DNA sequence: ACCTGAACACCGTTCAAGT
DNA sequence: ACCTGAACACCGTTCAAGT
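Protein chains in written order, with our numbering: chain W, 1 to 252; chain V, 1 to 252.
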């Protein structure tokens, strides 16, 4: 008695299909853009070159990205999606709350080193020149993903409170703690290359620095067990192994 | 008996004068660029507009900056020079080593809020697109200034060691500590606006976050007196007053 | 030796025509 | 409804001519 349900279903299916194909093409374009970025540097990424590398025309590319800057923001969204996957994997390693916090820091560090180009996109996307010319929807997408990432961090802090591993006296909120850890991780990973290039430290590995930074902050917070009472160096290596096994090789 | 010392002296004087005038003009150009940046945003800063705002021609501007990106890097050099002045003022406040470390963090925070545009230039200048197209000499200038700034931080850590306020066991070097504090400060100040914009914290002031972050790190390090034994909140306010008095108003 | 600004080249963006 | 690519516009950069 209902009016042609199959027709509706086919229409919906077609529309879905079309959206899925568009989505796939966008993913391909992003991959090509990333490749150009790696091979030619940021100055070498032009819309002409992306057009040449792809099999679509300029107009179609502008159908996906409203500006070159929007393309950069799209790459940063891609970055955050990968980070999200890494965070999920990181939270699947077992251990007490501080080990899990460390796992998240490791995931962040791992991403910054295995995908340096995408990590730099994230930095570029924070720049006003890029924000000013990106579409509102793309910026909203980025924000939503960042919120999800921070959500994972808050989750671990809540676990710590439940375990009685920390006590938040003196008005230090969960949000505040999350933010400070984010800031520490962002700074320690983003500034490593510049600092190294100016010869600031001789043989200090980024890994060790990040681990030391986390330990400093979490010890300061009194997150038990303290680094004096637990071997976080071994823990770090265990996390590294666990995450490497889950993602044997990075995509080409 | 010597050959015309006056002539040489006059020549030198003229040459000095010329260099000084060029330097002055460059300073003026940077000021104008900053003004355009504030009024029109990063997308609004074009070489044409800068030419129009100045009283020189395009060719002359390219005599100062080899590219638009070089101009951004020059603005970041200007930023670092101002930061250096603030650091010097910060170190003139009296107190034990941890108070002096706090003073440096305050100076960094103060700069990031009173000169948001220049602070963003610093962020942009860290971006590959800008680095790739900046002159080697300008990049070297920036590096030298950053090294000077980090030198101030190391100085305070050495003071702490001399005072026996900290003990660096376990291979944690002065450079490592300096880097981690830089990373923390950079992250906490650079991410504040984005985080605020996504509504991550309701009424948390940047100041309080930065202070909390520093306390966490320095407590974790065991830098005496610990925050439980000393009123760093008051100390922070005392530093704020001291730095405001030395520089009553920021330049327009 | 330095300044000028017209000319050039490149590249981001649009849009009329096509399917 | 979507794709195309020629045309456009803007803007970074250069350089022959001038002082």
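Where is the CB? At the ideal position from N, CA and C, for every residue including glycine.
This one's a predicted model, so the numbers in the text were calculated from it and none came from an experiment.
Q) Where residue 108 of chain V and residue 18 of chain W are concerned, what is the direct C-alpha to C-alpha distance, given to the nearest angstrom? A) 51 Å
Q: Give the residues from the region 175-199 of chain V that approach chain W closer than 7 Å (Cβ to any Cβ), ordered along the chain.
A: 175, 176, 179, 180, 182, 183, 184, 186, 187, 188, 191, 194, 195 and 198
Q: Give the straight-line distance between the Cα atoms of residue 121 of chain W and residue 58 of chain V, rounded to the nearest whole angstrom.
A: 31 Å
Q | Where the alpha helix (DSSP H) containing residue 182 of chain W begins and where it ends | A | 174-190
Q) Are the C-beta atoms of residue 132 of chain W and some chain V residue less than 8 Å apart? A) yes
Q.
Beta-carbon within less than 8 Å of residue 241 of chain W's beta-carbon, same chain only, minus the 5 sequence neighbours each way: which residues are those?
A. none
Q.
Going by DSSP in three states, residue 135 of chain W sits in which element: helix, strand or coil?
A. coil
**Q.** Neighbouring residues, chain V, relative to residue 207 of chain W (Cβ below 8 Å)
**A.** Within chain V, no residue comes near residue 207 of chain W; the closest Cβ sits about 12 Å away, beyond 8 Å.
Q. Just how far apart, CA to CA, sit residue 203 of chain V and residue 188 of chain V?
A. 16 Å
Q: Name, please, each residue of chain W whose Cβ falls closer than 7 Å to the Cβ of residue 150 of chain V.
A: 200
**Q.** For residue 101 of chain V, the first and last residue of its enclosing alpha helix (DSSP H)
**A.** 97-114
Q: Figure out for me which residue from V/66, V/220 and V/153 has the closest Cα to the Cα of residue 212 of chain W.
A: V/220
Q) Are the C-beta of residue 167 of chain W and some C-beta of chain V separated by less than 8 Å? A) no
Q.
Which residue marks the beginning of the alpha helix (DSSP H) containing residue 70 of chain V, and which one marks its end?
A. 68-91
Q.
I need the straight-line Cα distance from residue 149 of chain W to residue 63 of chain V, nearest angstrom please.
A. 46 Å
Q.
Suppose you measure from the CA of residue 209 of chain W to the CA of residue 179 of chain V; what does that come to, to the nearest Å?
A. 8 Å
Q) Hey, how far is the Cα of residue 100 of chain W from the Cα of residue 91 of chain W? A) 6 Å
Q: Ignore the nearest five residues each way along the sequence and tell me which others in residue 236 of chain V's own chain have a CB closer than 8 Å to its CB.
A: 102, 106, 207 and 211
Q: Could you check the C-alpha separation between residue 250 of chain V and residue 88 of chain W for me, to the nearest Å?
A: Because residue 250 of chain V carries a pLDDT of 46, less than 50, the predicted location of this residue cannot be relied on, and the following value inherits that uncertainty. Cα-Cα distance, rounded: 46 Å.
Q.
Give me the chain V residues within the contact set of residue 219 of chain W, using Cβ-Cβ distance strictly less than 7 Å, ordered along the chain.
A. 220
Q. Rounded C-beta distance between residue 123 of chain W and residue 114 of chain V? I'm assuming under 8 Å.
A. Between residue 114 of chain V and residue 123 of chain W the Cβ distance is about 23 Å, and since that is not below 8 Å, they are no contact.
**Q.** C-beta neighbour in chain V for residue 137 of chain W, strict 8 Å
**A.** no
Q. Can you list the residues of chain W that residue 146 of chain V reaches, using a CB-CB cut of under 7 Å?
A. 198
Q: Could you list the residues in the region 32-44 of chain V with a C-beta less than 8 Å from some C-beta on chain W, going in chain order?
A: 41, 42 and 43
Q) For residue 128 of chain V, which residues in chain W fall below 7 Å Cβ to Cβ? A) 41, 42 and 120
Q) Below 8 Å between beta carbons: does that hold for residue 36 of chain V and residue 49 of chain V? A) yes
Q: Can you grab the Cα-Cα spacing for the pair residue 155 of chain W / residue 104 of chain W, in whole Å?
A: 11 Å
(Q) Quick check: the Cα distance between residue 193 of chain W and residue 72 of chain W, rounded to an integer number of angstroms? (A) 21 Å
(Q) So for residue 204 of chain W, helix, strand or coil by DSSP? (A) coil
Q: Kindly say whether residue 235 of chain W, judged by its beta-carbon, lies nearer than 8 Å to any beta-carbon of chain V.
A: no
Q: Grab me the residues of residue 145 of chain W's own chain with a C-beta within less than 6 Å of its C-beta, minus the 5 sequence neighbours each way, in chain order.
A: 80
Q.
Quick check: the Cα distance between residue 97 of chain V and residue 157 of chain W, rounded to an integer number of angstroms?
A. 31 Å
Q. What number of angstroms, rounded off, separates the C-alpha of residue 134 of chain V from the C-alpha of residue 218 of chain V?
A. 37 Å
**Q.** Straight-line gap, residue 151 of chain W to residue 52 of chain V (C-alpha atoms, nearest Å)
**A.** 48 Å
Q) In whole angstroms, what is the alpha-carbon distance linking residue 20 of chain V and residue 32 of chain V? A) 18 Å
Q) Name the residues in the region 59-73 of chain W whose C-beta lies less than 8 Å from a C-beta of chain V; which are they? A) none
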